[in-house]
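Asks: Structure in structure tokens, see below.
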Amino acid sequence: MVTVPAITGVILAPSWTAIPLLLTWWLGYFTFFAGSVWIRSRFRERNRPPVLVYGALAAVAGVTTLIFDWRLLMWVPAFAPLVAIAVFEAWKRRPRSLLSGVSTVVAACLILPVAAWAGGGLDTEAWAAFAVYLAYFVGTVPYVKTLIRERGSKPWFIGSVVYHVVVLVAAVVAVLGTGGHPFHPAIIVLAVVFLARATLMPITGARREKPWTPKIVGLLDAVITVLVVIVVLL
């Protein structure tokens with residue numbers, strides 16, 4: 006999730022700025038992850054070194070990126086509230102809450118238009134790719150919960166299925182409304198796959214003697230993610 010949208014943005018609009026930008030993005034994520042652990046531990050000394058190391062590296066990469074194009078600062082207001090939400094949830098020791106998960110996903114997907122903009126290619130195709138990734142990755146948050154932490158929960162299952170039904174309807178409307186460009190008709194097939202996964206995996210998991218393991222869930226998601234990338238780049 007942290008890598009796919011970023012790389013896609015670079016593929017859609019390659020530029021030299023993408024090199025320090027990607028480094029800043031990944032190091033920033035490592036800093037955020039280490040910072041979340043540090044915050045949840047109520048700032049224990051033993052959890053501070055990774056924050057300082059990754060933070061310093063991210064700062065160097067960030068300054069380098071701004072040397073390439075200082076106008077990237079215009080995107081900071083878009084990320085600030087998302088980071089604030091995630092940090093607040095970490096402070097409340099709710100890193101796996103729905104709010105935290107969705108805010109993190111939105112931030113991860115938002116790097117795509119940033120990378121495309123840096124390469125001078127922030128067009129309708131880039132925004133369409135952002136929309137497809139956002140719909141997919143946001144859906145993984147409740148979906149995964151129905152298989153692991155909220156396994157057997159009817160409200161979570163219903164919420165996940167309803168979300169994916171909405172995504173399917175939105176995909177049909179997007180394709181019909183744009184004549185197949187920039188939204189490729191194949192996104193409708195993807196939306197059907199998303200809905201089938203969100204419906205069948207929890208049901209079959211509940212009927213199995215042993216629930217679906219995180220490994221199986223992860224492998225299936227990896228395959229679907231590859232399909233999503235292929236469709237986005239069509």
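Using our numbering, you'd call the opening residue of the sequence shown number 6 and step up by one each time. The beta-carbon is built from N, C-alpha and C at its ideal position, and this holds for glycine as well.
If you follow the alpha helix (DSSP H) that K150 is in, where does it begin and where does it stop?
Replies: 129-152
Asks: Nearest to T8 by CA position, among A227, V236, L239, is which residue?
Replies: A227
Asks: Taking the alpha carbon of V197 as the reference point, which residue from V167, W43, L77 has its own alpha carbon closest?
Replies: V167
Asks: Out of curiosity, what's the CA-to-CA distance linking T151 and D128?
Replies: 36 Å
Asks: On a CA-only basis, which of P147, T69, A133, S102 is nearest L26? Give me that one, please.
Replies: T69
Asks: Could you tell me the boundaries of the alpha helix (DSSP H) in which M206 lies?
Replies: For M206, the uninterrupted alpha helix (DSSP H) segment begins and ends at 191-212.
Asks: Leaving aside the five residues before and after S105 along the sequence, list all residues of the same chain whose C-beta is less than 8 Å from its C-beta, in chain order.
Replies: I90, A91, E94, A95, R99
Asks: Taking one C-beta from the stretch 108-123 and one from the stretch 132-147 each time, how about it: are there three or more such pairs within less than 8 Å?
Replies: yes
Asks: Among residues of its own chain, excluding the 5 on either side of T29, which ones have a beta-carbon nearer than 8 Å to its beta-carbon?
Replies: A63, A66, G67, T69, T70
Asks: CB-CB under 8 Å to R49, same chain, minus the five flanking residues each way: which ones, in chain order?
Replies: W43
Asks: Just the C-alpha distance for V170 and L57, rounded to the nearest angstrom, thanks.
Replies: Distance between V170 and L57, taken at the CA atoms: about 43 Å.
Asks: Which of the three DSSP states, helix, strand or coil, is assigned to F2?
Replies: Outside the shown range of the chain, which is 6 to 239, sits residue 2, and nothing can be said about it.
Asks: Between which two residues does the alpha helix (DSSP H) harbouring R45 extend?
Replies: 23-45
Asks: Considering only their Cβ atoms, is the gap separating A121 from A131 smaller than 8 Å?
Replies: For A131 and A121, yes; Cβs fall inside 8 Å.
Asks: Going by DSSP, what residue range makes up the alpha helix (DSSP H) through H186?
Replies: In the DSSP annotation of this structure, H186 is not part of any alpha helix (DSSP H), being labelled neither H nor E.
Asks: Is the stretch 152-165 close to the stretch 207-222, with three or more CB pairs under 8 Å?
Replies: These segments touch.
Asks: May I ask which residues mark the beginning and end of the alpha helix (DSSP H) holding P219?
Replies: 219-237
Asks: In terms of residue numbering, what span does the alpha helix (DSSP H) encompassing S105 cover?
Replies: 103-123
Asks: What do you reckon, are the CB atoms on V15 and G124 nearer than 8 Å?
Replies: yes
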